[in-house]
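Numbering (my numbering), first residue to last: 298 to 397. Take a look at the structure set out below.
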């Protein structure tokens with residue numbers, strides 16, 4: 298299991314998603330089983346629309362280990378009632394490209 302801090306997240310359209318903190322966790326050695334948690338999410342509509350429509354999204358994650366990208370589904374959007382506590386859980390639906 299490997300965890301890395303997520304510094305930036307971008308959509309296919311090069312839109313930067315805003316959040317206060319993020320972590321990417323890879324649970325196997327080949328990057329097939331992974332998830333991302335983003336805390337303090339500001340781009341809630343992007344994630345709520347994806348969750349509601351059961352859409353998979355292609356995202357790029359900038360980390361201190363380099364760029365990684367892959368297809369994700371929104372597993373959960375937890376709203377604690379305070380904007381800086383909104384947590385989005387993304388689950389990889391394929392290989393995490395750029396993982397080594």
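Just so it is clear, CB atoms sit at the ideal spot from N, CA and C, and this is done for glycine as well. Note that the coordinates shown come from a computational prediction; the quantities given were computed from them, not determined experimentally.
Inset, instruction - Kindly confirm or deny that the stretch 387-397 and the stretch 321-338 touch, where touching means at least three C-beta pairs closer than 8 Å. - result: Result yes; three or more Cβ-Cβ pairs closer than 8 Å.
Legend entry - Continuous alpha helix (DSSP H) assignments of at least 4 residues falling wholly in the stretch 327-366: 341-349
Inset, instruction - Could you tell me whether the Cβ atoms of residue 393 and residue 367 are closer together than 8 Å? - result: In contact: residue 393 and residue 367 (Cβ atoms closer than 8 Å).
Inset, instruction - Under 6 Å Cβ to Cβ from residue 306, same chain only, skipping five residues before and after it: list those, please. - result: 314, 356 and 358
Inset, instruction - Measure the beta-carbon distance from residue 369 to residue 348 and round it to whole angstroms, keeping in mind my assumption that it falls under 8 Å. - result: That pair is no contact at about 11 Å.
Legend entry - Contact belief for residue 299 with residue 361 at Cβ below 8 Å, rounded distance in angstroms: 12 Å between Cβ atoms; not a contact.
Legend entry - Through-space distance from residue 352 to residue 321, alpha-carbon basis: 20 Å
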